[in-house]
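These notes concern the structure reproduced below.
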Amino acid sequence: MNFLKKMSVGAWIACCAAVLTIVSLIVYAVNIGSEGYFQNVTVKNLVLWLVAAAVLLLAAIALGQVNAKGAGKTGLDLITGCCQIGAPVLLALSLINLIGSRIAGLGFIYFSNADVILEVQTPANLASASCTIANMIILGVALVVALVAAFCTIRKKVKEN
8 MNFLKKMSVG
18 AWIACCAAVL
28 TIVSLIVYAV
38 NIGSEGYFQN
48 VTVKNLVLWL
58 VAAAVLLLAA
68 IALGQVNAKG
78 AGKTGLDLIT
88 GCCQIGAPVL
98 LALSLINLIG
108 SRIAGLGFIY
118 FSNADVILEV
128 QTPANLASAS
138 CTIANMIILG
148 VALVVALVAA
158 FCTIRKKVKE
168 N
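Pasting the structure below:
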């Protein structure tokens, strides 16, 4: 319980970013596992980057709660800051690669010419495309939340007597 009392608003924001990252990972897994256009079409290293971003966010929260003094505190603050900055970088990289790998398929599904639109816009393909768009939105929100968390402190300021 003492751990939760030490957490600042920044820690809660980072926790929300980590949860959104994990939700994005789950939606991605559902997308490539479901029937439709994007079935079994993976994005290289996306799972690795999302897991690493979630781990960095959770590590920043955990390291922010450690009591240290002197040079140890400075080093701990430096590592925590690197974790807070590294997570949004990985999330941005993930989002860019997801968009880059899916944009041609989305264009094919939604903007095909009239001759093939009935063959392309099947319910399975439309569901797959909708799941991809939802994944992009969740990942974008996780990125914005992680960026906000990077500018916040993880540990509450404690008055020293």
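Position 91 of the sequence shown, counting from 1, maps to 98 under the working numbering, and the rest follow consecutively. Note that beta-carbon positions come from the ideal geometry of N, C-alpha and C, so glycine has one too.
Note: residue 162 is bridge-paired with 14 in the DSSP secondary-structure output.
In the DSSP assignment, residue 122 falls outside any alpha helix (DSSP H) and carries neither an H nor an E. Listed in chain order, the alpha helix (DSSP H) runs fully inside the stretch 101 to 136 are 124 to 127, counting runs of at least 4 residues. Secondary structure in the stretch 12 to 75: the alpha helix (DSSP H) runs of 4 residues or longer, each lying completely within the stretch, are 16 to 40, 53 to 71 in chain order. Under the 8 Å Cβ criterion, the stretch 117 to 136 does not count as touching the stretch 88 to 105, having fewer than three qualifying pairs.
Looking at the backbone, the Cα of residue 130 and that of residue 44 are separated by about 10 Å.
By the CB criterion at 8 Å, residue 113 and residue 78 fall outside the cutoff.
Counting C-beta atoms within 10 angstroms of its own C-beta, residue 85 has fewer than 16 neighbours from the protein chains shown and is therefore classed as exposed.
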